[in-house]
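Notes follow once the structure below has been shown.
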Amino acid sequence: MLNKKIFLLALSGVAVFLLPGCSLGNKIGQYGQDVQTSLGNISVKSTKNAGTLKTTNGNVDIGRHAKVKSVEVINGNVTIGNFSQAVSLQTTNGNILVSENVLINGNVKTTNGNIRINGRAEIGASIITDSGDIFIAQGVTVMGDIIFNKSGFLLSQFKKELPILEIANEVTIKGKIHLYREIDLRLGHSIDPEKILHHYDDRK
């Protein structure tokens, strides 16, 4: 009888522990609501609105003409469709694809992943990466900085080639380009060299 009580008490404790984070599998973002999941993807259909989106071990796919708040992904990718809006986009171990005519009010940031910003998108703050490439298409506006942080020891061992910063012509960058490591620069003629700050050696 005592063993049965102990088992039920333990089971109850597990249930209470799991309840706050029990959401698993694929989810749909809609009606302006926040969505959080693990081991699953989050999708927001075209023209729909959603709140903050968070997933671990899954992707976030946002359709066209959609609106969301912040997006945070661990071990997965983020894709946002044409003419959509988001407050910010962030991934750890994943890529970010921003389609044409998208508005991001805040930062676009990734650790160990690539960032691609397509034509006529507007980034309201900065584009930041620790280990990955950044590609910016023609007509994009970046209101903040572009930042390549110094990667940690483990990341530097996995990726030996230089990260790429490719910026097309007719791109507007209001801030600076901060390089805390050596980068393969492929810059269009509209980029003022004075905007590039090399923090990893004696150059400015």
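The sequence shown lines up with residues 71 to 274 when you count with my numbering.
Each residue gets a CB set at the ideal place from its N, CA and C atoms; glycine is no exception.
The model shown is predicted, which means the values in this text are computed figures rather than measured ones.
Self-check item: CA nearest to the CA of Glu170, picked from Val178, Phe153, Gly176
Solution: Looking up residue 170 in the sequence shown gives position 100. The candidate whose alpha carbon is nearest that of Glu170 is Phe153.
Practice problem: Below 8 angstroms CB to CB, which residues in the same chain sit around Leu267 once its five sequence neighbours on both sides are set aside? | Solution: As a first step, residue 267 must be located in the sequence shown, where it is residue number 197. Same-chain partners within the cutoff: Lys246, Ile247, His248, Leu249, Lys274.
Exercise. List the residues that DSSP assigns as beta-bridge partners of Asn119.
Key: If you number the sequence shown from 1, residue 119 lands on position 49. The partner list for Asn119 (beta bridge, DSSP) reads Lys137.
Quiz prompt | Local conformation of Glu192 per DSSP, three classes | solution = Your numbering for residue 192 matches position 122 in the sequence shown. Note: Glu192 maps to strand in three-state DSSP.
Quiz item: For Val148 versus Ile166, is the C-beta distance shorter than 8 angstroms?
Solution: Here the question's residue 148 lines up with position 78 in the sequence shown. Here the question's residue 166 lines up with position 96 in the sequence shown. Yes.
Quiz item: Of the residues Gln155, Gly189, Asn163, which one's Cα is nearest the Cα of Asn177?
Solution: Indexing the sequence shown from 1 puts residue 177 at position 107. Cα-wise, what sits closest to Asn177 is Gln155.
Quiz item: Should Ile261 be labelled buried (16 or more other beta-carbon atoms within 10 Å of its own) or exposed?
Solution: Sequence index remark: in the sequence shown, residue 261 carries index 191 (1-based). Looking at its Cβ environment, which holds 16 or more other Cβ atoms inside 10 Å, Ile261 is buried.
Exercise. Consult DSSP for Lys246 and reduce its assignment to one of helix, strand or coil.
Key: Reading the sequence shown from its first residue, position 176 is the one you call residue 246. Looking at Lys246 - three-state DSSP - the assignment turns out to be coil, as it is neither helix nor strand.
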